[in-house]
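Chains as they are written, first to last, in the numbering used here: chain A, 70 to 151; chain B, 26 to 155.
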C-alpha cells in the first residue's frame, strides 16, 4: 500500500469515528482553505527559500545556510505532534 | 517522512521538521535523546509565514479540536490559532526550492518517491558540475 493509499484509508476510518456534523465542519474548513488562495501564494519550485534561524529540540540555534553547507535539506512543516 | 530517513541520508541530504510548537512541546524528553533529524520550533510561525503557508484555524473548528484533547494555545504558546498547512520543500545548496508540496488537506502528505527523485536530481547535477 502506498503512503497516499494508507492515509486515505486512515482518513476514511477517522470519518467513522466522529459525529457526522463535526466531520462536515472539518471537511468544509479544508475546502475553504483550499479555495483561500494559500496554495497559490505559497513558495514553490524555482523560488529561493528565505534564510532562517530557529531553535532545535535541544535549544541550539540552527540556520538554513548552516544546514545547507552539508547538503540539500528536506524541510517539512507540520502542525504539531498532537 | 521519518521512514525515508535512511534513503535521505544516503543521498547526502538532511531531514528538518518545523512546527509552531514551543521547544518544550516539540518532542518529549525521551524522543529528544534519540532524534536523528532536526526538529525546529517556529514559534509564532515566523518562518512558515515567509513560505506563505500560515492560516488561522477557523473558530468553528476550535471546539472540535478541544474535544479531541488538542490544546493548540498550550502547544504553541500563543492564542492566535495560527498553524502551517502541511508542506514539504526540497532545498538545494543555493537555497533554491527544487520540489514543493503544499496541500490544504491536512490528511495528505508528499509522496516520498517525489522527494527522493528531487534529491537524486540534485546529486546528479552536483556530480556533473564536479
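Ideal Cβ positions, reconstructed from N, Cα and C, are used throughout, including at glycine.
Closer than 6 Å by C-beta to residue i: which residues in its own chain qualify, once you throw out the five before and the five after it? Chain order, please.
{"i": "residue 107 of chain B", "result": "70, 79 and 81"}
{"i": "residue 133 of chain A", "result": "120 and 121"}
{"i": "residue 125 of chain A", "result": "131"}
What does a CB cutoff of less than 8 Å around residue i pick up in its chain, not counting 5 residues either side in sequence?
{"i": "residue 141 of chain B", "result": "29, 32, 33 and 36"}
{"i": "residue 146 of chain B", "result": "123"}
{"i": "residue 139 of chain B", "result": "124 and 126"}
{"i": "residue 131 of chain B", "result": "110 and 111"}
{"i": "residue 84 of chain A", "result": "92"}
{"i": "residue 114 of chain B", "result": "76, 122, 124, 125 and 126"}
Ordered along the chain, which non-local residues of its own chain (more than five positions away) have a Cβ less than 7 Å from that of residue i?
{"i": "residue 40 of chain B", "result": "26, 30, 33 and 62"}
{"i": "residue 104 of chain B", "result": "98"}
Note the first and the last residue of the continuous alpha helix (DSSP H) segment covering residue i.
{"i": "residue 90 of chain B", "result": "87-92"}
{"i": "residue 51 of chain B", "result": "48-51"}
{"i": "residue 72 of chain B", "result": "71-75"}
{"i": "residue 40 of chain B", "result": "From DSSP, residue 40 of chain B is part of no alpha helix (DSSP H) but of the beta strand (DSSP E) over 39-44."}
{"i": "residue 26 of chain B", "result": "Careful: residue 26 of chain B lies outside any alpha helix (DSSP H) and carries neither H nor E."}
{"i": "residue 79 of chain A", "result": "72-84"}
{"i": "residue 145 of chain B", "result": "137-153"}
Counting along the chain, where does the beta strand (DSSP E) carrying residue i start and finish?
{"i": "residue 100 of chain B", "result": "Note, residue 100 of chain B: premise wrong, no beta strand (DSSP E); alpha helix (DSSP H) at 97-101."}
{"i": "residue 80 of chain B", "result": "79-81"}
{"i": "residue 111 of chain B", "result": "Segment: none, residue 111 of chain B is in no beta strand (DSSP E) and carries neither H nor E."}
{"i": "residue 104 of chain B", "result": "From DSSP, residue 104 of chain B is part of no beta strand (DSSP E); its letter is neither H nor E."}
{"i": "residue 144 of chain A", "result": "142-146"}
{"i": "residue 122 of chain B", "result": "122-127"}
Would you say the beta carbon of residue i comes nearer than 6 Å to a heavy atom of the ligand FMN?
{"i": "residue 126 of chain A", "result": "The ligand FMN is not part of the structure shown, which contains no ligands of any sort."}
Residue i bridges to which residues according to DSSP?
{"i": "residue 65 of chain B", "result": "A:125 and B:43"}
Examine chain C for any beta-carbon lying closer than 7 Å to the beta-carbon of residue i, and answer yes or no.
{"i": "residue 96 of chain A", "result": "Among the chains of the structure shown, chain C does not appear; the protein chains present are A and B."}
Selection of the segment 61-76 of chain B by Cβ proximity to chain A, strictly under 7 Å: So the list reads 63, 64, 65, 66, 67, 72, 73, 75 and 76, given in the order they occur along the chain.
Residues, ordered as in the chain, of the segment 110-131 of chain A that lie near chain B by beta-carbon distance below 8 Å: Within the segment 110-131 of chain A, 110, 111, 112, 113, 114, 115, 116, 117, 118, 119, 120, 121, 123, 124, 125, 126, 127, 128 and 131 place their CB atoms closer than 8 Å to a CB of chain B, listed in sequence order.
Beta strand (DSSP E) segments (min. 3 residues) lying fully within the segment 92-137 of chain A: You should have 122-124 and 130-132.
Chain B contacts made by the segment 130-151 of chain A, where a contact means CB separation under 9 Å: Look at the segment 130-151 of chain A: the residues with a C-beta under 9 Å from a C-beta of chain B are 131, 133, 134, 136, 137, 138, 139, 140, 141, 142, 143, 144, 145, 146, 147, 148, 149, 150 and 151.
Chain A contacts made by the segment 94-113 of chain B, where a contact means CB separation under 7 Å: From the segment 94-113 of chain B, only 95, 100, 108, 109, 110, 111, 112 and 113 have a Cβ closer than 7 Å to chain A.
Within 7 Å of chain B by C-beta, residues of the segment 80-93 of chain A in sequence order: Under the 7 Å Cβ criterion, the segment 80-93 of chain A contributes 80 and 91.
Contacting positions in the segment 76-91 of chain B - beta carbon closer than 7 Å to chain A: Those would be 76, 77, 78, 80, 83, 85, 86 and 89, in chain order.
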